[in-house]
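Chemist: My questions all concern the structure below.
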Amino acid sequence: MAILALYHLLGAVVVLSSWLSAPINANVEGDALYALRRAVKDPNNVLESWDPTLVDPCTWFHVTCDGDNRVTRLDLGNANLSGSLVAELGKLERLQYLELYMNSLMGHIPKELGGLKSLVSLDLYHNNLTGTIPSSLSRLSNLKFLRLNSNRLTGKIPRQLTKLGNLKILDVSNNDLCGTIPTLGSFAKFSEDSFKNNPRLEGPELMGFVRYDIGGSCN
Ligand SMILES: *[C@@H]1O[C@H](CO)[C@@H](O)[C@H](O)[C@H]1NC(C)=O
Ligand SMILES: *[C@@H]1O[C@H](CO)[C@@H](O)[C@H](O)[C@H]1NC(C)=O
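This is the structure:
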């Protein structure tokens, strides 16, 4: 009897210790993506394969992982999604391509997307996003493609974005941005096409002539 009890106790200790030594938050990335699934309407059922009980999201459709089973791509352009983005997406540390263009997404761009330190491409164009462009996006030092055009974004273009040294394509056209167009840093190479159809946007910012903080109506 005592031996049996000891045996059971030992079993419990083994189970408990293997549970404790498993990587904590093993499915952080699956949980982050599942938070997006819960926040959007998906009439075409493109997220049907997103099963949160799987050990990682690497077999889900529209999700690509690297050899370590970490998410590198989310390809959900033109997927007829509505609803909003979620802050949890900022946890996808190895995400390189966030493709959510041509949907009907509403609400703000979460500032947490500034945590996507591997991001190469942020494509949110042709949605219904509102609010401002988060200045936290200036932390995306690998970013090459930033396309936020054809939304309903307001406020100033954060000047910090000019320090994105790898940026090749910028498109914030067709929004309701205001203030002046920064011309410094990586912004020196972008033409006015990147900024067109923002009726309250003035510029390009003439260095020392139109002051960044007073040019362009932001009221
Ligand atoms: C998008 O979803 C709506 C329902 O919300 C549906 O009526 C429409 O046909 C869908 N569009 C496409 C292109 O699948
Ligand atoms: C954006 O919202 C407006 C008004 O709610 C709607 O008419 C329009 O179709 C939406 N556009 C997109 C791309 O979802």
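Under mature numbering (1 follows the signal peptide of the UniProt record, and there is no 0), the residues of the sequence shown are numbered -26 to -1, 1 to 193, in order. From the three backbone atoms N, C-alpha and C, an ideal C-beta is built for every residue, glycine too. Just so we're clear, the structure is a prediction, and the values are computed from it rather than from any experiment.
1) Going by C-alpha distance, which of Ser112, Asn123, Leu55 is nearest Gly139?
2) With Arg121 as the anchor, note down where its beta strand (DSSP E) starts and where it stops.
3) What runs of the beta strand (DSSP E), each 3 residues or longer, lie entirely inside the region 110 to 173?
4) Roughly how many angstroms separate the alpha carbons of Pro26 and Cys32, rounded to a whole number?
5) Identify the residues that DSSP records as bridge partners of Thr38: which are they?
6) Starting from Gly57, trace the beta strand (DSSP E) both ways and give me its first and last residue.
7) Taking DSSP as the reference, what is the three-state secondary structure of Glu22?
8) Got a sec? Which residues, its chain only, sit under 6 Å from Asp97 by beta carbon, not counting five neighbours each side?
9) So, are the CB atoms of Ser115 and Asp145 less than 8 Å apart?
10) In whole angstroms, give me the CA-to-CA distance for Met(-26) and Val29.
Modeler: The short version:
1) Taking the first residue of the sequence shown as position 1, residue 139 is located at position 165. It is Ser112.
2) Indexing the sequence shown from 1 puts residue 121 at position 147. Where Arg121 is concerned, the enclosing beta strand (DSSP E) stretches over 119 to 121.
3) 119 to 121, 128 to 130, 143 to 145, 150 to 154
4) On the sequence shown, residue 26 is found 52 positions in, with the first residue counted as 1. On the sequence shown, residue 32 is found 58 positions in, with the first residue counted as 1. Their Cα atoms are separated by approximately 11 Å.
5) To locate residue 38, count along the sequence shown from 1; it is residue 64. In DSSP, Thr38 forms a bridge with Arg47.
6) Within the sequence shown, residue 57 is the residue found at index 83, counting from 1. First-last of the beta strand (DSSP E) with Gly57: 56 to 58.
7) Counting from one through the sequence shown, the residue named residue 22 turns up at place 48. Here Glu22 sits in coil by DSSP.
8) As a working note, residue 97 is residue 123 in the sequence shown. Contacts found: Glu73, Tyr75, Arg121.
9) In the sequence shown, the residue the question calls residue 115 occupies position 141. In the sequence shown, the residue the question calls residue 145 occupies position 171. No.
10) Here residue -26 is taken as the residue at index 1 of the sequence shown, counted from 1. Here residue 29 is taken as the residue at index 55 of the sequence shown, counted from 1. In this predicted model, Met(-26) has a pLDDT of only 47, less than 50, meaning its place in the structure is not dependable enough to derive any value.
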